[in-house]
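> Below you'll find the structure I mean.
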Amino acid sequence: MAATKNPLVRLYHIRDEINGVALTLAGVDFDSYAASYSLKRTVERALQIISEAVKALPDDLLDRYPTSDWDRIRSLGNFLRHEYHHIDLEQLWLIATEKLPELRPIVAMMITDLER
1 MAATKNPLVR LYHIRDEING VALTLAGVDF DSYAASYSLK RTVERALQII
51 SEAVKALPDD LLDRYPTSDW DRIRSLGNFL RHEYHHIDLE QLWLIATEKL
101 PELRPIVAMM ITDLER
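For the sequence shown, UniProt numbering begins at 1 and goes up steadily by one.
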């Protein structure tokens, strides 16, 4: 199986992007985030990567971890690419600061289960 088709590799990508967003936004408040072009683009790109990686995960794997809204994560990347002019910074902030931290332990559990 090619490395990029391996679900474990995709989960590593998701984990790394979640951790990267957390490090990038550590100590940053919403106003600083909203005023910073580079912070906004960093978060948007990380969310696009997470979305694409989730799209590549098999449904049967995602079905074993129903605590997360996989369909919304999958569609987020398309929204960021095609509806960029409708991006709500407060929504992205909420995703980055609340939803991604909730997703982190789920992804960690998935990785642990697949590494066995």
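A virtual CB, placed ideally from N, CA and C, is assigned to each residue, including glycine.
All values derive from a computational prediction rather than experimental measurement.
Rounding to the nearest angstrom, what Cα-Cα distance links H13 and L89 in this structure?
In the sequence shown, residue 13 corresponds to position 13, counting from 1. In the sequence shown, residue 89 corresponds to position 89, counting from 1. The straight-line gap from Cα to Cα measures roughly 24 Å.
> In chain order, which continuous runs of the alpha helix (DSSP H) of length 4 or greater are located wholly inside the segment 80-112?
You should have 89-94.
> Between M1 and L8, what straight-line distance do the alpha-carbon atoms span, to the nearest angstrom?
In the sequence shown, residue 1 corresponds to position 1, counting from 1. In the sequence shown, residue 8 corresponds to position 8, counting from 1. Because the pLDDT at M1 is just 48, under 50, the model does not fix this residue reliably, and the value given afterwards should be weighed accordingly. Rounded to the nearest angstrom, the two C-alpha atoms are 11 Å apart.
> Apart from the five residues on each side of it in sequence, which residues of its chain come closer than 6 Å, Cβ to Cβ, to T24?
Locating residue 24 in the sequence shown gives position 24, where the first residue counts as 1. Cβ within range, chain order: T42.
> Around the C-beta of L94, are 16 or more other C-beta atoms found within 10 angstroms, so that it is buried, or is it exposed?
In the sequence shown, counting from the first residue as 1, residue 94 sits at position 94. Its Cβ having fewer than 16 others within 10 Å, L94 is exposed.
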